[in-house]
Amino acid sequence: MHSLSSQAFYRKATLIMAFVSTLVLTGCGFHLKENNGLVEKFPEVYLQTPDPKSDLTRLMKLRLRGANIKILTQPSPDVAVIHLISESQTERTISLYANAQNAEKEIGYTMKYSLKMPNYTAKNFSVNLYRDFLYNSNQALAKSREAELLLKELRVIAADHVITNMLSIKNEATE
Numbered sequence: 279m280h281s282l283s284s285q286a287f288y289r290k291a292t293l294i295m296a297f298v299s300t301l302v303l304t305g306c307g308f309h310l311k312e313n314n315g316l317v318e319k320f321p322e323v324y325l326q327t328p329d330p331k332s333d334l335t336r337l338m339k340l341r342l343r344g345a346n347i348k349i350l351t352q353p354s355p356d357v358a359v360i361h362l363i364s365e366s367q368t369e370r371t372i373s374l375y376a377n378a379q380n381a382e383k384e385i386g387y388t389m390k391y392s393l394k395m396p397n398y399t400a401k402n403f404s405v406n407l408y409r410d411f412l413y414n415s416n417q418a419l420a421k422s423r424e425a426e427l428l429l430k431e432l433r434v435i436a437a438d439h440v441i442t443n444m445l446s447i448k449n450e451a452t453e
């Protein structure tokens with residue numbers, strides 16, 4: 279009999295804690311990540327890109343679809359346009375071993391894009407990202423693979439940056 283009342287007590291306590299937690303979270307302005315207002319601001323977009331088959335275009339489409347944004351196949355005057363202008367990568371030596379071989383390299387990734395919302399001027403943006411890694415000429419194949427993976431990671435970060443920027447953008451000047 280005693281265990282039944284303790285079970286009822288724990289159920290009531292759990293219910294009360296869940297209710298209090300909900301009140302606290304809603305009172306401080308907490309919202310679930312999926313409900314960030316991006317779909318309301320951009321229900322549909324047109325993605326303009328110089329290379330429709332590129333990794334960056336594929337990532338952007340994946341991110342937009344993941345945010346429940348419809349990607350149009352043709353531009354429309356009442357729909358926002360994301361124009362992926364260009365992407366480039368650089369590689370430079372940061373440090374050398376005593377025998378003058380590369381010890382550490384840096385990979386740079388730059389993506390330029392613009393965002394045009396209906397009835398507003400287009401805004402241009404640039405994302406510059408850098409990563410460094412140790413380089414060992416005895417493991418050149420493994421290090422080239424590591425450089426490829428770092429470049430893919432930088433593309434993902436750049437695509438996420440576009441989505442984040444879409445949410446925070448405010449237009450002031452009309453056309």
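The opening residue of the sequence shown carries number 279 in the numbering used here; numbering runs sequentially from there.
Ideal Cβ positions, reconstructed from N, Cα and C, are used throughout, including at glycine.
Check: How many angstroms separate the CA atom of Ser404 from the CA atom of Phe287?
Finding: 57 Å
Notebook entry, point to check: Do you know how far the Cα of Tyr408 is from the Cα of Asn458?
Noted result: No information on residue 458 is available, as it lies outside the stretch 279 to 453 that the chain covers here.
Check: Where do the N-terminal and C-terminal ends of the alpha helix (DSSP H) with Thr335 fall, by residue?
Finding: Asp333 to Gly344
Check: With distances taken from CA atoms, which of Val357, Glu369, Leu342 and Leu374 is nearest Leu429?
Finding: Glu369
Next item on the list: For Leu293, name the three-state secondary structure that DSSP assigns.
Entry: helix
Check: Residues in its own chain within less than 7 Å of Val317 by CB, not counting five upstream and five downstream?
Finding: Ala345, Asn346 and Ile347
Item checked: Pairwise C-alpha distance: Glu431 and Ile372 -> 20 Å
Item checked: Pairwise C-alpha distance: Asp356 and Asp329 -> 24 Å
Checklist line | For Ser366, the residue or residues it bridges with in DSSP | finding: Thr388
Notebook entry, point to check: Under the DSSP definition of a beta bridge, which residues are partnered with Tyr398?
Noted result: Bridge partners of Tyr398: none, in fact.
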